[in-house]
Each structure stands twice: as C-alpha cells, then as structure tokens.
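Comments concern the structure below.
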Ligand SMILES: [Zn+2]
C-alpha cells in the first residue's frame, strides 16, 4: 500500500462556523513523508501548522491547532475526509483562522478530494499499529484504543431527548474507505437551540444555521428536511473521532471505542498513546503482505 496525495490542486470555499466569514481553502499535492500541513495564506510569511495532536490548544466545540498565536480552527471534518480517503501528504492553504463548515459534514470535502483525483506515491504508507490498550477518562466519559488487526470505531452517546431515541445512540463502525464514504461522511454536526443562542450572544457560532448543522429545540429537530440517517448524531461523533485521531499523524490499526467522548478526550487519547513508545509500532505493507484495512475507492 503506497502513500497518497492529490493528483492536482483544488479550491473550495465556504463560511467559518464561528466567524460567519468567507474562507477559501486550496488543497495542494505534497511530497512523500511530508504529512498534512495547514498554511495560513492570509498572514505574511504564510506560516505552516502541522496537523499534529500536540499542537491542539483548544477543544471547545472543535479541534483547534495553534503555534505562536497562529491558529487554524475546526480541522476535524476535513481531517476526517483526508483520513477516510487515506491521503497521507497534503498542503492545505486556508485564508482565515478556521476551516469552512460546509454543510456540517465531511461530504463536500470528500467530493472535492475525489474530484481532484488521488495520486499514489512511490513510498509505502506508514500505519500506527496499537500494541497496548490505552484509555483516558473524564468523569463518566471515556475513550480507549486497543490492539485489533483492522480499524474499528465503537461510539455511544447519551442524550435524554425525545428526538434522539436510545436505540440510535450507539454504533459500531468497521472502517474502510468505501464504508466511510457511504456511512459516515455525510453525517452532520448537531447542536441545541439554547446552546446556539448562548454562543451567538458571545459572538461565537455566527455562521451557524440550519444549512450547516442539525439543530434541536427541547422537543424536536428544527431542520425541515429531517435526518440523513436515523443515527446521524452518533455517526457524526465517529466522523469527528476519525478526524481527531488522524492528528496522531498515521492511519491507525486498532479498535477505538468511546462513551460520550469529544474533541478534548480524543486529543488526550492520542497524547496518551505517544506517552510510551511501547504503546505502538509503525508498520508498512508491501505487495506480499496486504494491510488489514481496505482503502480501495
Ligand atoms: Zn464535528
């Protein structure tokens, strides 16, 4: 299995969830072993920020990278699309301090990447194979990753809300690129009306609307078009986790599971993984030995 980048650059525009301002993204092919980098094209000198869990400074509402006061926010949905398609190397030029929210899912990003075309590169794709169970907790919330020959994600949320039936609140997902595209990429972020009103009074979520999130009041879903999947909420939590975990800088071989986790715990899990080099090994696969994860598109 070879490393992947884009066949050609591609541009995408949308609005930032928090600023409400227009944001332009240029996704550009990048060299072997260069990884995923963001470049703030609106700042003199075009500073670079690596997609690295250790550069996450703020996890309120989203995963936000920061180096020397230079920020790139809400990176998880694009990173989820990049991880889902198995792209290893990419330069992402962004014209603002946050990525565009698009429709609140990763579908616009995945379509954009696939439209640009995927280029296989002349070097083996590195994977991070989990060797020991790692678990992080925060009160009743937890996230863990354990050894498993493949990539699976099991997630449970717990909302006491009449529009989120109990039986739609857990999901076990067997990762492959095709399963990601079919089952996860279109699941939208969600929020509660009372929280959104609070955020907007504090000048946050100014770009938030029914066009880029599922919004719930105390009883029902306010979007007239309803849900894309009966369990769209937990699917989105898996979408977020795939993006947050890609900040480990490798595609994972292991089984992630979580209860009520979010960006903060997902980030702590990646940091805990790196805390002991015996927790993982970096492996590659050649023609004779196939990877245990299917990235065919
Ligand atoms: Zn999200």
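In the working numbering, the protein residues as written are 1 to 297. Even for Gly, the Cβ is constructed at its ideal location relative to N, Cα and C.
To the nearest angstrom, report how far apart residue 114 and residue 218 are at their CA atoms.
Those two C-alpha atoms are separated by around 38 Å.
Going by DSSP, which residues form a beta bridge with residue 128?
Looking at the DSSP assignment, residue 128 forms a beta bridge with 252 and 282.
At a threshold of 7 Å, does residue 78 count as lining ligand 1 (C-beta to nearest heavy atom)?
Not under cutoff, so the answer is no.
Coarse secondary structure for residue 5, derived from DSSP in three states
In the structure shown, residue 5 sits in a strand (DSSP, three-state: E or B).
For residue 110, the three-state DSSP class (helix, strand or coil):
The three-state reading of DSSP puts residue 110 in helix, counting H, G and I together.
Can you tell me which of 83, 82 and 248 puts its alpha carbon nearest to the alpha carbon of residue 53?
The closest CA to that of residue 53, considering only 83, 82 and 248, is found on 248.
With DSSP run on the structure shown, which of helix, strand or coil describes residue 138?
In this structure, residue 138 counts as strand in the three-state DSSP scheme.
Could you check the C-alpha separation between residue 79 and residue 103 for me, to the nearest Å?
Roughly 15 Å separates the two Cα atoms.
Could you check whether the Cβ of residue 59 sits closer than 7 Å to any heavy atom belonging to ligand 1?
Incorrect: residue 59 has no Cβ contact closer than 7 Å to ligand 1.
Would you say residue 236 touches ligand 1, meaning its beta carbon is less than 7 Å from a heavy atom?
Of the heavy atoms belonging to ligand 1, at least one sits nearer than 7 Å to the Cβ of residue 236.
List, from N- to C-terminal side, the alpha helix (DSSP H) runs of 4 residues or more that fit wholly inside the stretch 40-96.
Listed in chain order, they are 76-85.
Under a three-way DSSP split, which group does residue 198 fall into?
Note: residue 198 maps to helix in three-state DSSP.
Is it true that the CB of residue 269 sits closer than 8 Å to the CB of residue 136?
For residue 136 and residue 269, yes; Cβs fall inside 8 Å.
Please report how far the alpha carbon of residue 203 lies from the alpha carbon of residue 172, in whole angstroms.
Rounded to the nearest angstrom, the two C-alpha atoms are 36 Å apart.
Ignoring anything shorter than 4 residues or poking outside the stretch 221-275, list the alpha helix (DSSP H) runs there in chain order.
Runs of the alpha helix (DSSP H) lying entirely within the stretch 221-275, each at least 4 residues long, are 232-245 and 263-274 in chain order.
Starting from the C-beta of residue 110, find all residues in its chain whose C-beta is less than 7 Å away, skip the five residues before and the five after it, and write them out in chain order.
Cβ neighbours of residue 110 beyond the five flanking positions: 81, 84, 85, 181 and 185.
Would you kindly work out how many angstroms separate the C-alpha atoms of residue 290 and residue 13, rounded to a whole number?
Each residue's Cα considered, the two are about 37 Å apart.
For residue 23 and residue 232, I'd like the C-alpha separation in whole angstroms.
Distance from the CA atom of residue 23 to the CA atom of residue 232, rounded to whole angstroms, is 26 Å.
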